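Residue numbers for the sequence shown follow our numbering, so the first one is 20 and each next one is one higher. The structure appears below as structure tokens.
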Amino acid sequence: TGSLFSSDSWNNIGFAGEEIQNPERTLVRSMAIGTAIVTTLYILINIVYLLVLPLQGSPEAATLAGRGIQYATDDRVATAVAESVMGRAGAYVLAILIMLSTFGANNGIILSGARAYFAMAKDGLFFPSLAILNRAGVPGRALWVQCLWACLLCLSGSYGQLLNYVMFSVILFYLITIIGIFVLRRTRPDAHRPYRAWGYPVLPGIYVALASAFCVILLIAPDTAEYSRYGLGLVALGLPVYFLFGRRMA
């Protein structure tokens, strides 16, 4: 789940689509370019790992090279590589870089996440007060709700457990979204589509198959089953809320 989380949030720019000029062009370009840049950086970083440390090692080895990538201390491969190149100072340099990266990630997630609550409220699917903008034109109330929910999630367990909660739910919603392409192509064939899924129906079909398999694996694998089921439960709790607000809207 950790590797999937590191590649997530590629679609968050879509949450702020209402505030973007020429979204039909800008959203597609930003997602494509951003995903390409991040993917390239991840590949290059992994090449560096393989050039600095051996892939295999021994858990009893006393040196970083002896432990290798396979048995890096606490699975912190990046830290092991940094220490191999810069000595003990490498660990501190990497810690600073991680902090800076965390601030950047939080900035993007906080900005985009609140827009989801804001859009739901505007569509009548959540509390109407969350659709109110403050003097700065920001959905302040939605930001506070997001903050409180994040605080509650932080009390639910460790960081790894939260990843298992979140990633199962994320992949599940991605799966439902891609299935929606097939449904809309059939039920609304003449609808205006600024962007059409490339490779339809083959690529979306492959994604549906792989995402379905991944969700099943998360639900049955010993290391992820418990918290993935909790994540599924949280999603299920949202169904009555959706139907409640949907009925009011109707």
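Heads up, the beta-carbon is just placed ideally off N, CA and C, and yes, glycines get one too. All values reported here derive from a predicted model rather than from experimental measurement.
How big is the Cα-Cα spacing for residue i and residue j?
i: T196; j: L116; result: 34 Å
i: R160; j: I39; result: 21 Å
i: F34; j: L83; result: 43 Å
i: L162; j: Y226; result: 32 Å
i: L256; j: V104; result: 49 Å
i: A81; j: S247; result: 36 Å
i: V157; j: Y90; result: 47 Å
i: E209; j: A169; result: For the sequence presented, residue 209 should be read as Asp rather than Glu. Straight-line Cα distance between these residues: approximately 40 Å.
i: R134; j: Y249; result: 25 Å
i: L238; j: G179; result: 16 Å
i: I236; j: A244; result: 8 Å
i: M50; j: I56; result: 10 Å
i: I64; j: R207; result: 44 Å
i: L174; j: L119; result: 24 Å
i: N41; j: Y219; result: 25 Å
i: D142; j: F122; result: 31 Å
i: H211; j: R48; result: 19 Å
Are the beta-carbon atoms of residue i and residue j separated by less than 8 Å?
i: Y261; j: L144; result: yes
i: I88; j: L72; result: yes
i: P147; j: A140; result: yes
i: V254; j: L181; result: no
i: C234; j: L194; result: yes
i: Y68; j: V96; result: yes
i: P213; j: E43; result: yes
From the options, pick the residue whose C-alpha is nearest to that of residue i; which is it?
i: E37; options: S131, Y111, G127, F233; result: S131
i: G252; options: Y184, T206, P241, I190; result: Y184
i: V221; options: C173, F201, R248, S175; result: F201
i: F24; options: H211, F187, L172; result: F187
i: T59; options: N41, R48, E79, S26; result: S26
Give every residue of the same chain whose Cβ lies closer than 7 Å to the Cβ of residue i, excluding the five residues on either side of it in the sequence, and list them in chain order.
i: V164; result: Y136, L149
i: A110; result: T98, A101, E102
i: L46; result: I32, G33, G36, I39
i: G127; result: S28, N31
i: G85; result: G76, S77
In three-state terms, what does DSSP make of residue i?
i: N153; result: coil
i: N125; result: helix
i: F145; result: coil
i: N65; result: helix
i: Y214; result: coil
i: T58; result: helix
i: P259; result: helix
i: P208; result: coil
i: T82; result: coil
i: T243; result: coil
i: I88; result: coil
i: P42; result: helix
i: Y136; result: helix
i: R95; result: coil
i: G224; result: helix
i: G106; result: coil
i: Q75; result: coil
i: W29; result: coil
Consider the Cβ of residue i: report whether some Cβ of chain D lies at a distance smaller than 8 Å.
i: Y246; result: Absence of chain D from the displayed structure is noted, only one protein chain being present.
Which residues in the same chain have their Cβ closer than 6 Å to the Cβ of residue i, if we skip the five residues on either side of it in sequence?
i: P223; result: I197, I200, A216
i: L229; result: none
i: N153; result: G159
i: T54; result: W29
Among the residues of its own chain, which have a CB less than 8 Å from the CB of residue i, if the five just before and after it don't count?
i: S231; result: L194
i: L16; result: Absent from the model: residue 16. The displayed extent of the chain is 20 to 269, so no value can be given.
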